[in-house]
Amino acid sequence: MNLLSRLIATATVAATVTLAGCSTSQKIQVVQPGDNNLSCAGLKEEMAKLDKAQAEIEGKKGLTGTNVASAIFWLPGLAYTFYDAGEAQRLISDRRSALTTFYNNKRCK
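Numbering (this note's numbering), first residue to last: 1 to 109.
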């Protein structure tokens, strides 16, 4: 394998690793159609889903191998990963507040 072939192979691997690190967090709607019709149990289920989503985001936000590779090859990619995770966390917090309002208005216990 000559030098040019090795450089192309290395660049291809680096690009693949970098693009793999560009995953975004799933965004949720703060208020969804039908929220006001959910039962108390349904509201609790929705809040449990938010807990799972929050845990997934926390996992993406840490110093994973993909994030470290992104930082080595493309620093803005790492910055975006943290921004995206923060935005997703804000939406989860806002949705939790909306669901809590419905929960309290229904006088759930």
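In this text, a Cβ means the ideal position worked out from N, Cα and C, and glycines have one as well.
Cα-Cα separation, Asp130 to Phe102: Only positions 1 to 109 of the chain appear in this structure, which leaves residue 130 out of reach.
Other residues of its chain near Ile92: CB distance less than 8 Å, five sequence neighbours each side excluded: Short of 8 Å from the beta carbon of Ile92, and not among the five residues preceding or following it, lie these beta carbons of its own chain, in chain order: Ile28, Leu50, Ala53, Gln54, Ile57.
Buried versus exposed, by CB contacts within 10 Å (16 or more), Arg90: Classified as exposed, Arg90 has fewer than 16 neighbouring CB atoms from the shown chains inside 10 Å of its CB.
beta-carbon Asp94 near the ligand GTP non-hydrogen atom, thresh 8 Å: The ligand GTP is absent from the structure shown, which contains no ligand whatsoever.
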